[in-house]
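Last residue of the sequence shown: 283 in full-length UniProt numbering, with the numbers rising by one and none dropped.
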Amino acid sequence: MKYYEKRMHIVCDYIYKHLNEELTVDALCNVAGFSKYHFHRQFSNYMGMGVFKFVQQLRLKRASYELVFYTDKRIIDIAMDAQFDHPESFSRAFKKVFLQSPMAFRRQPDWLQWHREYRVVENRMALNLDVKLVNFVGTQVAAFEHRGPVERMLESSATFRGWRQRTGISPIGTSRTFGIIYDNPECVPAEDFRFDIAGEVHQAIGDNQEGVVNKFLAGGRCAVVRHYGTHENMGDVVCALYDAWLPNSNEELRDAPCFFHWHNFFPHVAEHELITDIYLPLK
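Structural data, given as structure tokens:
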């Protein structure tokens with residue numbers, strides 16, 4: 001890894017860990033080991049945006065999740081956590097980015113607009129795959145079948161989360177949560193993309209208003225990689241498994257889809273603390 005890339009990675013990691021605190025230029029320069037002039041130039045070159053825009057982007061992203069998935073949290077508290085002194089200034093900044101006020105977004109989030117405006121910050125670190133071979137035990141799950149654009153998956157996640165909370169079946173805190181990916185979103189029309197959001201259950205579920213259905217994750221040999229951090233770049237890990245690891249592994253794919261096991265969730269934990277196991281079924 002190049003010297004400047006390493007320093008910027010350290011700075012980004014520091015920012016992720018201190019989003020709830022005041023982040024001054026002086027503090028970030030000390031972390032980077034650069035003067036203010038060189039720090040701003042190097043950060044912009046590395047991340048493709050200025051440091052304060054990057055920080056605000058991360059805070060507003062977290063706020064948008066809290067508005068939708070933590071409906072008992074007051075908007076004023078979300079604003080304060082995002083380091084806004086007043087709810088009004090938070091509302092203006094939020095609406096400028098997402099074209100909805102925080103209250104309107106909480107009632108009916110426009111995730112398509114969210115994806116258009118939210119610029120995904122790429123992980124520029126080289127992938128270092130630590131692949132393990134395991135025997136996955138077959139698991140009965142309840143699944144919500146997402147069909148359509150990737151940009152609408154958060155709507156499906158909210159629906160499935162609502163079903164879990166309403167029924168008490170497959171509690172988030174004590175039951176494993178899986179994502180089952182059937183298609184590469186780069187290779188199919190947006191409306192044909194298929195992805196299941198699933199929770200572990202111990203008996204079959206009945207018909208329900210959300211359309212959650214019974215499914216079974218087949219057991220068997222799998223290659224598994226543990227991914228740390230944001231979910232935004234997990235596709236890169238999946239591609240690396242298929243394109244780099246598999247051809248050199250002497251392994252063969254089983255006729256079963258790749259799937260994820262999410263150990264925790266944003267914004268309950270910070271993005272850099274997210275843990276996801278990515279499974280590739282093998283013969």
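Ideal placement from N, C-alpha and C gives every residue a C-beta, glycine not left out.
Note that the structure is predicted; figures quoted are calculated from it, not measured.
Exposed or buried, what is residue i when buried is set at 16 or more other beta-carbons lying within 10 Å of its beta-carbon?
{"i": "methionine 103", "result": "exposed"}
{"i": "valine 120", "result": "Summary for valine 120: the model assigns pLDDT 49, below 50, so the residue's position carries little reliability, and this model does not support an answer."}
{"i": "cysteine 29", "result": "buried"}
{"i": "tyrosine 3", "result": "exposed"}
{"i": "arginine 164", "result": "buried"}
{"i": "alanine 27", "result": "exposed"}
{"i": "threonine 24", "result": "exposed"}
{"i": "serine 89", "result": "exposed"}
{"i": "proline 281", "result": "buried"}
{"i": "methionine 125", "result": "Any answer about methionine 125 is weak, because its pLDDT of 43 lies below 50 and its placement is not dependable; what the coordinates show is given next. Per the 10 Å Cβ criterion, exposed."}
{"i": "leucine 133", "result": "exposed"}
{"i": "glutamate 122", "result": "Since pLDDT at glutamate 122 reaches only 45, below the 50 mark, its modelled position is unreliable, and the value read off the structure follows with that caveat. Exposed, because fewer than 16 other Cβ atoms sit within 10 Å of the Cβ of glutamate 122."}
{"i": "phenylalanine 105", "result": "buried"}
{"i": "arginine 107", "result": "exposed"}
{"i": "alanine 32", "result": "buried"}
Can you list, in chain order, the residues of its chain whose CB lies under 7 Å from that of residue i, leaving out five sequence neighbours each side?
{"i": "aspartate 13", "result": "His272"}
{"i": "isoleucine 275", "result": "Arg226, Tyr228, His263 and Asn264"}
{"i": "serine 91", "result": "Ser101 and Pro102"}
{"i": "glutamate 81", "result": "Sequence inspection shows aspartate at residue 81; the glutamate mentioned does not correspond to that position. Once the five neighbours on either side are set aside, the close Cβ partners of aspartate 81 are Asn20."}
{"i": "isoleucine 205", "result": "Ala142, Ile169, Val212 and Asn214"}
{"i": "glutamate 151", "result": "Trp111, Leu112 and His115"}
For residue i versus residue j, is the C-beta spacing smaller than 9 Å?
{"i": "valine 213", "j": "glutamine 140", "result": "no"}
{"i": "tryptophan 114", "j": "phenylalanine 98", "result": "yes"}
{"i": "isoleucine 76", "j": "glutamate 66", "result": "no"}
{"i": "glycine 148", "j": "phenylalanine 193", "result": "yes"}
{"i": "phenylalanine 94", "j": "leucine 58", "result": "no"}
{"i": "tyrosine 279", "j": "cysteine 222", "result": "yes"}
According to DSSP, simplified to helix, strand and coil, what is residue i?
{"i": "isoleucine 205", "result": "coil"}
{"i": "glutamate 277", "result": "Note that residue 277 is aspartate in the sequence shown, not glutamate. Residue state, collapsed to three classes: strand."}
{"i": "glutamate 191", "result": "helix"}
{"i": "tyrosine 65", "result": "helix"}
{"i": "histidine 263", "result": "coil"}
{"i": "alanine 223", "result": "strand"}
{"i": "leucine 99", "result": "coil"}
{"i": "tyrosine 3", "result": "helix"}
{"i": "phenylalanine 43", "result": "helix"}
{"i": "threonine 177", "result": "strand"}
{"i": "arginine 92", "result": "helix"}
{"i": "leucine 112", "result": "helix"}
{"i": "lysine 73", "result": "coil"}
{"i": "leucine 133", "result": "strand"}
{"i": "proline 247", "result": "helix"}
Leaving out five residues on either side along the sequence, give the residues of the same chain with a beta carbon under 6 Å from the beta carbon of residue i.
{"i": "serine 175", "result": "Gly199 and Glu200"}
{"i": "aspartate 277", "result": "Val224, Arg226 and His261"}
{"i": "glutamate 210", "result": "Thr159 and Trp163"}
{"i": "methionine 153", "result": "His146"}
{"i": "lysine 283", "result": "Glu252 and Arg254"}
{"i": "aspartate 196", "result": "Ala143, Glu145 and Ile180"}
{"i": "arginine 62", "result": "Pro267"}
{"i": "valine 51", "result": "Phe43"}
{"i": "threonine 177", "result": "Gly199 and Trp262"}
Starting from the C-beta of residue i, find all residues in its chain whose C-beta is less than 8 Å away, skip the five residues before and the five after it, and write them out in chain order.
{"i": "cysteine 187", "result": "none"}
{"i": "leucine 129", "result": "Val225, Val237, Ala240, Leu241, Ala244 and Trp245"}
{"i": "phenylalanine 34", "result": "Arg7 and Gln42"}
{"i": "proline 171", "result": "Arg164"}
{"i": "valine 269", "result": "none"}
On the DSSP bridge assignment, give the partners of residue i in chain order.
{"i": "leucine 217", "result": "Thr139"}
{"i": "glutamate 252", "result": "Looking at the DSSP assignment, glutamate 252 forms no beta bridge with any residue, so it has no partner."}
{"i": "phenylalanine 144", "result": "Ile197"}
{"i": "leucine 282", "result": "Leu253"}
{"i": "tyrosine 228", "result": "Ile275"}
{"i": "cysteine 258", "result": "Ile181"}
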